[in-house]
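A.B. asks: Residue numbers (our numbering), protein chains in the order written: chain A, 1 to 376; chain B, 377 to 791. Note that the Cβ used here is the ideal one computed from N, Cα and C, for glycine as well. Model, not experiment: these values are computed from the prediction.
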């Protein structure tokens with residue numbers, strides 16, 4: 001981050017827009033109406049105010065395929081690139097009728113035949129036809145997802161930088177791990193360190209938790225305090241320049257009986273997960289890696305694309321058919337999760353960022369692991 | 377269903393706010409409000425995807441993450457008109473870790489509504505839970521849900537759930553107010569240290585770092601907004617370009633070093649048990665305000681006193697807007713893209729808002745009721761001063777209001 005709010009660099013912007021426009025053509029979309037922050041950033045290259053949690057759908061950015069023009073919800077021009085002129089900015093509005101009136105003024109709105117939106121609410125489903133009277137309203141998220149799934153060279157650079165900030169947050173929290181500290185205080189350390197590193201927009205605020213000895217994933221203690229003998233999971237995540245940098249590690253507090261075996265199991269699982277990250281491989285190989293290692297599949301997705309938010313593929317035990325259809329390709333960046341649990345001991349959770357290259361996987365995360373500390 | 381005799385009476389003074397929120401009672405009471413709003417609109421079932429709506433409807437809370445990841449790993453709630461307990465579909469961490477206290481048959485595994493396969497799985501469960509003829513309201517439709525429209529919404533086009541949830545949220549129960557007050561206290565306490573650290577040379581982002589860590593130590597669940605420490609221009613013409621020619625707000629925090637004399641407009645929000653705080657004060661870096669800057673604060677206080685004088689049950693939000701404008705000499709004391717004030721709850725800004733582009737008719741027709749929580753944030757501007765803006769949170773009562781904000785006005789004033 002700098003001392004000014006700056007638009008994303010030209011190469012980053014143009015690379016992404018070309019991919020978005022190509023997918024609009026492929027999906028036969030005349031106009032895309034975007035409400036999700038990740039998509040708005042992807043297309044506009046403009047930093048947006050970060051607010052926690054999902055947002056209700058509202059037309060925040062509009063891209064017209066024929067002209068390539070981008071219209072953006074922004075009351076000011078700070079951070080707006082110069083290829084979005086002032087006349088294409090429309091201000092914050094609390095009245096959806098005024099939002100619709102802004103959309104009606106967009107050149108190409110009245111003649112568009114197919115308009116994609118990245119999500120929709122029943123309210124805007126009724127209102128949008130007023131702005132696009134001749135259009136069929138269809139899903140536009142599939143087109144955006146197809147654009148986002150392969151990263152440009154500049155995007156990979158941004159992801160590397162975001163991961164560096166997340167790793168600084170993790171390191172700060174591990175340094176303060178001790179018996180008696182609370183999970184929340186540890187999360188506060190992660191967020192403080194990332195902000196000190198220039199980024200006050202976390203991708204997760206659930207940054208540290210004591211793993212349970214009794215249940216594969218439930219909360220361990222009611223008071224949220226760390227004690228000797230605990231395995232403590234850290235999940236550090238940041239949104240830097242819009243890009244999600246993530247890393248996960250698990251550290252023991254004092255002596256944790258049985259943890260050496262558990263870390264060994266994690267290492268064995270990770271070897272198989274890493275091997276599954278090959279260009280051309282079906283994404284379901286990642287699920288198979290758990291089975292081959294003899295580990296239970298955890299409740300969270302074991303892999304998902306990293307970019308401006310979540311990207312395909314999302315690999316979960318609940319989506320086997322989806323994973324079977326997905327193929328890993330060079331230019332994908334994945335957050336891959338290894339998770340092993342032992343009754344009476346706790347869990348070891350680790351999350352790595354992996355770039356799929358034509359030659360195989362490249363691990364982008366480099367935070368130290370506790371595996372060495374416990375003698376594995 | 378819970379008996380209404382177990383509900384707390386409406387608040388009349390700060391003493392009526394529970395010291396600690398009773399989360400079970402809160403869920404019971406907000407659940408009753410939600411089902412009453414469903415009945416008013418003839419809605420039989422709600423399908424809720426939005427994080428804030430799920431927090432409200434199911435009484436679960438978790439540290440909210442970035443939207444981009446939250447779309448794929450998010451809790452989903454299904455509320456039925458004749459069932460006091462919501463059904464919850466929980467991912468790994470989000471919400472699952474809070475003791476939700478729901479019957480086991482109402483807790484379900486994660487659903488992935490971004491994907492056709494995920495929607496297919498969800499539709500199978502929904503068919504069991506919701507009768508085919510039921511009127512369904514939903515707050516968001518993913519692309520995959522739109523493709524499975526006829527399976528999910530067998531009785532036809534769904535109603536907008538935002539209207540239903542919005543109506544229920546208007547009046548806060550005493551336990552909800554207790555959550556908001558705790559969030560406000562955490563915020564105010566953390567801010568004392570942040571303000572003490574304010575000095576020339578400190579970076580905007582350092583204030584964010586310190587604030588966030590301190591609030592987590594004090595028990596905050598999450599930050600709701602990237603903290604804002606906006607350096608105000610002396611003159612409007614020196615500020616960034618805006619669509620309306622007035623001031624921009626909020627502008628994003630950077631690594632900019634603050635200089636002596638900088639006027640900062642601050643704005644932050646954190647959550648406790650899923651409920652938001654709000655905080656806004658104007659600070660001057662490393663110097664005492666000039667007499668003209670002091671005058672800005674006194675004008676702001678005059679406006680605030682006038683608005684508080686009319687803020688009670690039975691007043692319309694237009695009454696508040698008019699009073700503020702009159703106290704400011706006929707000029708609206710708020711920015712054209714915002715409002716004089718807004719409500720607060722599981723969202724940092726909720727309905728009603730005062731003086732927005734929803735228009736005069738909306739404001740004239742919106743009557744304040746006991747239990748509504750309002751954040752009042754007049755803006756005063758005189759060229760050359762950097763202006764003055766601060767926020768006060770109040771709860772509307774039968775006879776007036778209860779103030780929740782308890783933070784000094786240094787370096788401008790003592791009150």
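In angstroms, rounded to a whole number, what distance separates the CA positions of residue 378 of chain B and residue 413 of chain B?
C.D. replies: Locating residue 378 of chain B in the second chain gives position 2, counting from the first residue. Locating residue 413 of chain B in the second chain gives position 37, counting from the first residue. Here residue 378 of chain B scores only 37 on pLDDT, less than 50, and its place in the model should not be relied on; the value that follows carries that caveat. C-alpha separation (whole angstroms): 17 Å.
A.B. asks: So, helix, strand or coil for residue 276 of chain A, using DSSP?
C.D. replies: In the first chain, counting from the first residue as 1, residue 276 of chain A sits at position 276. In the structure shown, residue 276 of chain A sits in a helix (DSSP, three-state: H, G or I).
A.B. asks: Anything in chain B within Cβ reach of residue 239 of chain A, meaning under 8 Å, just list it in chain order.
C.D. replies: Sequence index remark: in the first chain, residue 239 of chain A carries index 239 (1-based). Result: 442 and 444.
A.B. asks: Compare the beta carbon distance of residue 778 of chain B and residue 390 of chain B with 7 Å and say whether it is the shorter of the two.
C.D. replies: The sequence position of residue 778 of chain B within the second chain is 402, counting from 1. The sequence position of residue 390 of chain B within the second chain is 14, counting from 1. For residue 778 of chain B and residue 390 of chain B, yes; Cβs fall inside 7 Å.
A.B. asks: Residues of chain B with CB under 9 Å from residue 300 of chain A, in chain order?
C.D. replies: Numbered from 1 along the first chain, position 300 holds the residue referred to as residue 300 of chain A. Ordered by position in chain B, the residues that pass the 9 Å Cβ test against residue 300 of chain A are 449, 467, 468, 469 and 486.
A.B. asks: May I ask you to list, following chain order, the residues of the region 313 to 334 of chain A that have a beta carbon less than 7 Å from some beta carbon of chain B?
C.D. replies: 314, 316, 318, 319, 321 and 322
A.B. asks: Of the residues that make up the region 168 to 200 of chain A, which ones have a beta carbon closer than 7 Å to any beta carbon in chain B?
C.D. replies: Taking 7 Å as the Cβ-Cβ cut-off, the region 168 to 200 of chain A approaches chain B at 184, 185, 187, 188, 189, 191, 192, 195, 196, 198 and 200, given in chain order.
A.B. asks: Please list the residues of the region 46 to 57 of chain A that have a C-beta atom closer than 9 Å to any C-beta atom in chain B, keeping them in chain order.
C.D. replies: Those would be 47, 48, 49, 50, 51, 52, 53, 54, 55, 56 and 57, in chain order.
A.B. asks: Would a check of beta-carbon distances place residue 630 of chain B closer than 7 Å to chain A?
C.D. replies: As a position in the second chain, residue 630 of chain B is number 254, starting the count at 1. Closer than 7 Å to some Cβ of chain A, the Cβ of residue 630 of chain B qualifies, so yes.
A.B. asks: Closer than 8 Å, Cβ to Cβ, to anything on chain B: give me those residues from the region 87 to 100 of chain A, in chain order.
C.D. replies: If the cut-off is 8 Å between Cβ atoms, the region 87 to 100 of chain A has 89, 90, 91, 92, 93, 94, 95 and 98 near chain B.
A.B. asks: Return the bridge partner residues of residue 655 of chain B from the DSSP annotation.
C.D. replies: For this step, residue 655 of chain B is matched to residue 279 along the second chain. DSSP, once it has assigned bridges, lists B:644 as partnering residue 655 of chain B.
A.B. asks: Quick one: give me the first and last residue of the beta strand (DSSP E) that residue 117 of chain A is part of.
C.D. replies: Stepping through the first chain from its first residue, residue 117 of chain A is reached at position 117. Per DSSP, residue 117 of chain A belongs to the beta strand (DSSP E) from 114 to 117.
A.B. asks: Would residue 159 of chain A pass as a contact of residue 333 of chain A if the rule is Cβ separation under 7 Å?
C.D. replies: Position 159 of the first chain holds residue 159 of chain A. Position 333 of the first chain holds residue 333 of chain A. Cβ distance < 7 Å, so residue 159 of chain A and residue 333 of chain A count as in contact.
A.B. asks: Please classify residue 616 of chain B: does DSSP put it in a helix, a strand, or coil?
C.D. replies: Locating residue 616 of chain B in the second chain gives position 240, counting from the first residue. Note: residue 616 of chain B maps to coil in three-state DSSP.
A.B. asks: Is the distance from the Cβ of residue 721 of chain B to the Cβ of residue 730 of chain B below 7 Å?
C.D. replies: Along the second chain, read from residue 1 onward, the residue named residue 721 of chain B stands at position 345. Along the second chain, read from residue 1 onward, the residue named residue 730 of chain B stands at position 354. No, the Cβ-Cβ distance between residue 721 of chain B and residue 730 of chain B is not below 7 Å.
A.B. asks: For residue 662 of chain B, which residues from the same chain have a beta carbon less than 6 Å from its beta carbon, with the 5 sequence-adjacent residues on both sides left out?
C.D. replies: As a first step, residue 662 of chain B must be located in the second chain, where it is residue number 286. Contacts found: 575, 576 and 636.
A.B. asks: Can you tell me whether residue 441 of chain B is buried or exposed, with buried defined as 16 or more other CB within 10 angstroms of its CB?
C.D. replies: Residue numbering aside, residue 441 of chain B sits at position 65 when the second chain is read from its first letter. Flag for residue 441 of chain B reads buried.
A.B. asks: Let me check one thing: in DSSP terms, what residues is residue 605 of chain B bridge-paired to?
C.D. replies: Here residue 605 of chain B refers to the residue found at position 229 of the second chain. Its beta-bridge partners are B:642.
A.B. asks: How about residue 418 of chain B and residue 511 of chain B: are their beta carbons less than 7 Å apart?
C.D. replies: Residue mapping note: residue 418 of chain B aligns to position 42 of the second chain, counting from 1. Residue mapping note: residue 511 of chain B aligns to position 135 of the second chain, counting from 1. In contact: residue 418 of chain B and residue 511 of chain B (Cβ atoms closer than 7 Å).
A.B. asks: Run down chain B in chain order and give the residues with a C-beta less than 7 Å from the C-beta of residue 76 of chain A.
C.D. replies: The sequence position of residue 76 of chain A within the first chain is 76, counting from 1. Correct list: 616, 617, 618 and 624.
A.B. asks: Among A:213, A:215 and A:240, which has the Cα closest to the Cα of residue 602 of chain B?
C.D. replies: Counting from one through the second chain, the residue named residue 602 of chain B turns up at place 226. When each option's Cα is compared against that of residue 602 of chain B, the closest is A:240.
A.B. asks: Verify the CB distance criterion: does residue 5 of chain A have a CB-CB separation below 7 Å to chain B?
C.D. replies: In the first chain, residue 5 of chain A corresponds to position 5, counting from 1. Chain B, which has a Cβ nearer than 7 Å to the Cβ of residue 5 of chain A, makes this yes.
A.B. asks: Tell me, please, which residues DSSP counts as bridged to residue 383 of chain A.
C.D. replies: Because residue 383 of chain A is not part of the residues shown, which for chain A are 1 to 376, the question remains open.
A.B. asks: Just checking: is the beta-carbon of residue 23 of chain A within a distance shorter than 7 Å of some beta-carbon in chain B?
C.D. replies: Within the first chain, the letter at position 23 stands for residue 23 of chain A. No, no contact with chain B.
A.B. asks: Step through the CB atoms of chain A and report whether any lies within less than 7 Å of the CB of residue 459 of chain B.
C.D. replies: Mapped onto the second chain, residue 459 of chain B falls at position 83. The Cβ of residue 459 of chain B sits no closer than 7 Å to any Cβ of chain A.
A.B. asks: What do you get for residue 178 of chain A, buried or exposed, if any count of 16 or more other CB atoms within 10 angstroms of its CB means buried?
C.D. replies: Numbered from its first residue, the first chain carries residue 178 of chain A at position 178. Burial call: exposed.
A.B. asks: So, do the region 585 to 599 of chain B and the region 188 to 206 of chain A have three or more beta carbon pairs nearer to each other than 8 Å?
C.D. replies: yes
A.B. asks: With DSSP run on the structure shown, which of helix, strand or coil describes residue 380 of chain B?
C.D. replies: Here residue 380 of chain B corresponds to residue number 4 of the second chain, with the count starting at 1. Model confidence at residue 380 of chain B stands at a pLDDT of 40, short of 50, so the residue's coordinates are unreliable; what they give is reported in the following sentence. Helix.
A.B. asks: For residue 146 of chain A, go through chain B and note every residue whose CB falls closer than 9 Å to its CB, in chain order.
C.D. replies: Indexing the first chain from 1 puts residue 146 of chain A at position 146. The premise fails here: residue 146 of chain A is roughly 12 Å from chain B at the closest Cβ pair, so nothing lies under 9 Å.
A.B. asks: From residue 446 of chain B to residue 452 of chain B, what distance separates their C-alpha atoms?
C.D. replies: Numbered from its first residue, the second chain carries residue 446 of chain B at position 70. Numbered from its first residue, the second chain carries residue 452 of chain B at position 76. Counting only the Cα atoms, residue 452 of chain B lies some 11 Å from residue 446 of chain B.
A.B. asks: Does the distance from the CB of residue 217 of chain A to the CB of residue 624 of chain B come in under 7 Å?
C.D. replies: Numbered from 1 along the first chain, position 217 holds the residue referred to as residue 217 of chain A. Numbered from 1 along the second chain, position 248 holds the residue referred to as residue 624 of chain B. In this structure, residue 624 of chain B does not lie closer than 7 Å to residue 217 of chain A by Cβ.
A.B. asks: Have a look at B:426, B:711, B:770 and B:774 and flag the residue whose alpha-carbon is nearest the alpha-carbon of residue 763 of chain B.
C.D. replies: Reading the second chain from its first residue, position 387 is the one you call residue 763 of chain B. Looking at the Cα atoms, B:711 is the closest of the given residues.
A.B. asks: Under the DSSP definition of a beta bridge, which residues are partnered with residue 393 of chain A?
C.D. replies: Beyond the ends of chain A as shown, which are 1 and 376, falls residue 393 of chain A; an answer cannot be given.
A.B. asks: Which residues share a DSSP beta bridge with residue 450 of chain B?
C.D. replies: Walking along the second chain from the start, residue 450 of chain B turns up at place 74. The partner list for residue 450 of chain B (beta bridge, DSSP) is empty, contrary to what the question assumes.
A.B. asks: Using a beta-carbon distance cut-off of less than 8 Å, what residues from the region 106 to 124 of chain A approach chain B?
C.D. replies: 118, 119, 120, 121, 122 and 123
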